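Trainee: Numbering (the working numbering), first residue to last: 15 to 503. Using N, Cα and C, we set each Cβ at its ideal position, and we do this for glycine too. Fair warning: this is a prediction, and the values are worked out from it, not measured in the lab.
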């Protein structure tokens, strides 16, 4: 049975507290161990770092990819295809063409990258104090940074000769143009360090830098709007909404929790106890049937899940298969960073061999990304400009973040019908991709049984695939026009 979001948070809190004493393992029955097993994400280089030195063991998460996005993972191959849940390590570079991306840090702070932008993750270090130091160099384009209220962490944006030290709870937009740069502070405060001195700029102010002549920056007491502000605002609200319901909150290990709370819930099972399961899955769904092995120099292959929630459950805790229910995830044990190989386990007493990582590193000319496809990968998607289809065993793949309100209602109908469609209406024409999905849209959708819901209960959502233009307005179906459903064959 599905549990409310409030219950999810309570359950997750209890399980995580219990998990502090559980070791990393791949069986269905966790055992006791010490709290020393809970550490920073592990990489092959961890043991070689001096105790007094800044550690390089950190990784951050590429949490969203829409459109043309490439990532140079510092493997010596240059820019390669980017996909959600790829780990980002120090010195990696991320570039967007006609696309957008989001990067999520361990404490749920985020960096959003607008189209035609190039950034480098110059510093991703763990300080001796345990605090995290992150420096991102903006080489061109526009980024948004949204920090949570984590004390002690250092977060810096750099460009040209300037350094911007963001304070906790800051939310900023930085746009780098050929002859000038504009820093807009939507919330919080920023300490600006440049050759002419250090100043602090507060919320609702804009600072314009003269890059051509290095004149004193000009401050304005307002923040002008930009086309991608709504995309940034919606994603920031998404994280705040779901992270606030999570016991992880501002902990160093909270990244990925927002997606887990949106795309799934904890269920109570007979014989397996409480475990988290994604929505839109049957007992036959396999979390390891599809994914990618990504090569990282010095660490080997790292497993990358294709699902929007697929970060934390593949770097922490363990998956169990429960008779009559199927696969579910339970927190516990240590965190695994790049070294998150998938070991064999047992299901109902029988061995199950998860996809094994390639034995040898990629040779010259060979891709550093190795696909795994043991079953066809199901996905939900727009069937047209007028309808969205939720499909069984899609596990949330293809469903835009936060756009359809609580997904459990749709998921319950998918379990019974195989697929469920909900109508969506656009107030002005939108350009669709080859799959029929609108590239630029603001849409409203009815929930299952919309005849029983008022207009105020319908979700107003903004498509995260919106590229290059502000969102169009979409009307929800009138009361009584329940979404249709169709059984898959």
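Under 8 Å, with one C-beta from each stretch per pair, do the region 84-100 and the region 155-162 reach the 3-pair mark?
Mentor: no
Trainee: Jot down the residue ranges of each uninterrupted beta strand (DSSP E) in the region 276-351, minimum 3 residues, whole runs only, in chain order.
Mentor: 278-283, 287-292, 304-310, 314-318, 332-336 and 340-344
Trainee: CA-CA distance, residue 271 and residue 255?
Mentor: 11 Å
Trainee: So for residue 232, helix, strand or coil by DSSP?
Mentor: strand
Trainee: Classify residue 308 as buried or exposed, calling it buried when 16 or more other Cβ atoms lie within 10 Å of its own Cβ.
Mentor: buried
Trainee: Roughly how many whole angstroms lie between the Cα atoms of residue 369 and residue 384?
Mentor: 11 Å
Trainee: In chain order, what residues of the same chain have a beta carbon less than 7 Å from the beta carbon of residue 175, not counting five sequence neighbours either side?
Mentor: 208 and 209
Trainee: Between the alpha carbons of residue 414 and residue 311, how many angstroms are there, rounded?
Mentor: Between residue 414 and residue 311, the C-alpha separation is close to 33 Å.
Trainee: Give the secondary structure of residue 203 by DSSP, where H, G and I count as helix, E and B as strand, and everything else as coil.
Mentor: In this structure, residue 203 counts as strand in the three-state DSSP scheme.
Trainee: Using C-beta distances below 6 Å, list every residue in its chain close to residue 341, excluding the 5 sequence neighbours before and after it, in chain order.
Mentor: 301, 333 and 335
Trainee: Which word fits residue 388, buried or exposed, when buried means at least 16 other C-beta atoms lie within 10 angstroms of its C-beta?
Mentor: Exposed.
Trainee: Of the residues 321, 145 and 155, which one's Cα is nearest the Cα of residue 113?
Mentor: 155
Trainee: Go through its chain and collect everything with a Cβ distance to residue 76's Cβ below 7 Å, but skip five positions before and after it.
Mentor: 85, 96, 98, 99, 100, 102, 115 and 117
Trainee: Report yes if the C-beta distance between residue 138 and residue 74 is below 8 Å; otherwise report no.
Mentor: Against a cut-off of 8 Å, the Cβ pair of residue 74 and residue 138 comes out as a contact.
Trainee: In whole angstroms, what separates the C-alpha of residue 238 from that of residue 128?
Mentor: 16 Å
Trainee: Just tell me which of 436, 347, 424 and 293 has its CA closest to the CA of residue 324.
Mentor: 293
Trainee: When we look at the beta-carbon of residue 152 and count the other beta-carbons within 10 Å, is it buried (16 or more) or exposed?
Mentor: buried
Trainee: Going by DSSP, what residue range makes up the beta strand (DSSP E) through residue 384?
Mentor: 383-387
Trainee: In this structure, how does DSSP classify residue 223 when only helix, strand and coil are distinguished?
Mentor: strand
Trainee: Which runs of the beta strand (DSSP E) fall wholly inside the region 122-156 and span at least 3 residues, in chain order?
Mentor: 124-127 and 131-140
Trainee: Distance check for residue 386 and residue 243, CA to CA, integer angstroms please.
Mentor: Rounded to the nearest whole angstrom, the C-alpha separation of residue 243 and residue 386 is 36 Å.
Trainee: Let me check one thing: in DSSP terms, what residues is residue 185 bridge-paired to?
Mentor: 160 and 201.
Trainee: Under the three-state reduction of DSSP, which class applies to residue 257: helix, strand or coil?
Mentor: In the structure shown, residue 257 falls within a helical segment according to DSSP collapsed to helix, strand and coil.
Trainee: Can you tell me which of 167, 315 and 403 puts its alpha carbon nearest to the alpha carbon of residue 373?
Mentor: 315
Trainee: For residue 279, which of 226, 149 and 291 has the nearest alpha-carbon?
Mentor: 291
Trainee: Starting from residue 179, trace the beta strand (DSSP E) in both directions and tell me its first and last residue.
Mentor: 176-180
Trainee: What first and last residue would you give for the alpha helix (DSSP H) that runs through residue 423?
Mentor: 422-431
Trainee: Quick one: what does DSSP say residue 271 is sitting in, helix, strand or coil?
Mentor: helix
Trainee: So which of 68, 416, 90 and 79 has the shortest CA-CA distance to residue 376?
Mentor: Relative to the Cα of residue 376, the nearest Cα in the group 68, 416, 90 and 79 belongs to 90.
Trainee: With distances taken from CA atoms, which of 249, 426, 187 and 438 is nearest residue 406?
Mentor: 426
Trainee: When the distance is taken between beta carbons, is residue 344 closer than 8 Å to residue 289?
Mentor: Result yes, Cβ atoms of residue 289 and residue 344 sit closer than 8 Å.
Trainee: Skipping 5 residues on each side, what residues in its chain have a beta carbon closer than 8 Å to that of residue 185?
Mentor: Counting only Cβ-Cβ distances below 8 Å, and skipping sequence neighbours, we find 158, 159, 160, 161, 199, 200, 201, 202 and 250.
Trainee: Span of the beta strand (DSSP E) holding residue 171?
Mentor: 168-173 is the extent of the beta strand (DSSP E) around residue 171.
Trainee: In chain order, what residues of the same chain lie with their CB nearer than 7 Å to the CB of residue 196, ignoring the 5 residues before and after it?
Mentor: Excluding residues within five positions, the ones whose Cβ falls inside 7 Å are 189, 220 and 222.
Trainee: Can you give the Cα-Cα distance for residue 212 and residue 68, rounded to whole angstroms?
Mentor: Residue 212 and residue 68 have their alpha carbons spaced roughly 25 Å apart.
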